[in-house]
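Below, the structure written as structure tokens:
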């Protein structure tokens with residue numbers, strides 16, 4: 021009887037050991053499988069990372085583009101915006117001092133108030149107009165100058181990670197007189213909630229938001245208004261995980277391509293919160309906006325970004341396999357030039373003086 025009990029106890033122990041081993045093995049497989057499914061989670065990540073990874077599946081953000089212009093620029097810079105990047109906005113309007121319906125130009129200030137010295141007034145009234153007519157139809161509201169070029173797909177990518185119903189202010193962050201603001205020339209973006217707060221709280225209050233005045237510092241003033249209504253400033257330099265390069269450029273891209281210090285003005289280095297770099301590493305590969313773009317420069321950006329292709333030998337040609345031309349094919353397609361006038365160089369009737 022004692023031997024049987026001892027054997028039974030040993031069997032129970034062995035069974036328990038085997039069961040524990042199997043459970044541990046299953047658990048190990050489960051943990052290994054989870055680690056394979058979620059390779060992006062680091063020690064500092066949370067479960068929200070999975071949600072972030074899926075935001076690209078939704079519809080693109082609806083972006084209204086408000087471009088500041090003036091009557092003398094409508095047929096040059098404004099039209100260039102209209103014919104290039106403006107076509108990719110969810111809606112494009114131009115804020116000016118006179119209406120011009122063919123391009124969607126709206127007069128938001130008096131005819132005498134359309135110059136550079138009235139930039140702040142035009143911005144205030146432009147956002148008021150946008151709030152009154154379009155606030156409920158769009159998620160984000162871009163303010164740009166008519167000499168700014170915007171890569172809309174990169175802007176959409178940037179904004180997907182943020183909720184337009186939260187008070188957010190995007191751009192190239194700078195500081196002046198100990199006040200943070202976003203560069204106006206590089207363009208900036210208000211969320212729907214930020215626009216709501218500007219229109220309902222800041223616009224009418226001379227206590228928290230500068231009122232209309234000549235030579236108002238538009239971007240600096242907007243920074244004051246946004247801070248005083250509790251809007252979060254998102255420096256686009258840090259808005260994409262793993263990408264800490266500037267994405268809104270206050271200067272023409274050419275200025276950043278030189279290693280010479282003189283191409284970057286001292287005021288930009290002093291006011292920028294991020295280090296200003298030059299050369300190919302100057303800017304994010306997902307850059308959004310470039311300032312000081314002439315009409316020709318806008319079409320140059322348009323061609324290089326959307327039309328120029330780099331041949332990939334690993335991809336099959338759109339026209340199928342290409343065969344090397346035979347001599348007969350070469351002669352048929354590209355016949356020899358007529359050299360009758362140059363067979364005897366001494367007899368040439370027309371030739372350059374230094375020939």
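In our numbering, the protein residues as written are 21 to 375. Using N, Cα and C, we set each Cβ at its ideal position, and we do this for glycine too. This one's a predicted model, so the numbers in the text were calculated from it and none came from an experiment.
Can you say whether residue 301 is buried or exposed, counting buried as having 16 or more other CB atoms within 10 angstroms of its CB?
-> Counting from 1 along the chain shown, the entry for residue 301 is found at position 281. The residue is exposed, with fewer than 16 neighbouring Cβ atoms inside 10 Å.
Rounded C-alpha distance that separates residue 147 from residue 333 | Here residue 147 corresponds to residue number 127 of the chain shown, with the count starting at 1. Here residue 333 corresponds to residue number 313 of the chain shown, with the count starting at 1. Approximately 49 Å between the Cα atoms of the pair.
Inter-residue Cα distance where the pair is residue 317 and residue 326 | Along the chain shown, read from residue 1 onward, the residue named residue 317 stands at position 297. Along the chain shown, read from residue 1 onward, the residue named residue 326 stands at position 306. Taking the straight line joining both Cα atoms gives about 14 Å.
Quick one: Cα of residue 305 to Cα of residue 199, how far?
-> Counting from 1 along the chain shown, the entry for residue 305 is found at position 285. Counting from 1 along the chain shown, the entry for residue 199 is found at position 179. Approximately 29 Å, taken between the alpha carbons.
Could you give the C-beta distance for residue 83 and residue 110, rounded to a whole number, given that I count them as a contact under 8 Å?
-> Position 63 of the chain shown, counting from 1, holds the residue named residue 83. Position 90 of the chain shown, counting from 1, holds the residue named residue 110. The Cβ separation is near 5 Å, so the contact holds.
Does the beta-carbon distance from residue 178 to residue 256 come in below 8 Å?
-> As a first step, residue 178 must be located in the chain shown, where it is residue number 158. As a first step, residue 256 must be located in the chain shown, where it is residue number 236. It is a contact, given that the beta carbons lie within the stated cut-off.
Buried or exposed: where does residue 16 fall if 16 or more other Cβ atoms within 10 Å of its Cβ makes it buried?
-> Shown here, the chain extends from 21 to 375; a query on residue 16 therefore has no answer.
Exposed or buried, residue 81, counting other C-beta atoms within 10 Å across all chains shown (16 or more means buried)?
-> Residue mapping note: residue 81 aligns to position 61 of the chain shown, counting from 1. Buried.
Beta carbon of residue 203 nearer than 8 Å to that of residue 268 | Taking the first residue of the chain shown as position 1, residue 203 is located at position 183. Taking the first residue of the chain shown as position 1, residue 268 is located at position 248. In contact: residue 203 and residue 268 (Cβ atoms closer than 8 Å).
Would you tell me roughly how many angstroms separate the C-alpha atoms of residue 252 and residue 160, rounded to the nearest one?
-> Taking the chain shown and counting its residues from 1, one reaches residue 252 at position 232. Taking the chain shown and counting its residues from 1, one reaches residue 160 at position 140. Taking the straight line from one Cα to the other gives about 14 Å.
What does residue 235 pair with, by DSSP beta-bridge criteria?
-> Mapped onto the chain shown, residue 235 falls at position 215. For residue 235, which the question treats as bridged, DSSP gives no partner whatsoever.
On the three-pair Cβ rule with 8 Å, is the stretch 165 to 184 touching the stretch 236 to 249?
-> no
Which residues share a DSSP beta bridge with residue 127?
-> On the chain shown, position 107 is the one that residue 127 refers to. Its beta-bridge partners are 116.
At least 3 beta-carbon pairs within less than 8 Å: the stretch 92 to 111 vs the stretch 185 to 195 | no
State whether the stretch 124 to 139 contacts the stretch 345 to 365, with contact taken as three or more CB pairs (one from each stretch) at a distance under 8 Å.
-> no
Specify, as a first and last residue, the run of the alpha helix (DSSP H) that residue 147 falls within.
-> Looking up residue 147 in the chain shown gives position 127. Start and end: 139 to 154.
Identify the continuous alpha helix (DSSP H) that holds residue 227 and give its terminal residues.
-> Counting from one through the chain shown, the residue named residue 227 turns up at place 207. No alpha helix (DSSP H) contains residue 227, which DSSP labels as neither H nor E.
For residue 119, I'd like the list of residues in its chain whose CB is within less than 8 Å of its CB, leaving aside the five on either flank, ordered along the chain.
-> Start at 1 with the first residue of the chain shown, and residue 119 comes out as number 99. Cβ neighbours of residue 119 beyond the five flanking positions: 125, 126, 127.
Assigned secondary structure, residue 109 (DSSP; H/G/I helix, E/B strand, else coil) | By 1-based counting over the chain shown, the position of residue 109 is 89. Coil.
Which stretch, first to last residue, makes up the alpha helix (DSSP H) that contains residue 188?
-> By one-based count along the chain shown, residue 188 stands at place 168. First-last for residue 188: 188 to 191, but that is the beta strand (DSSP E), not the alpha helix (DSSP H).
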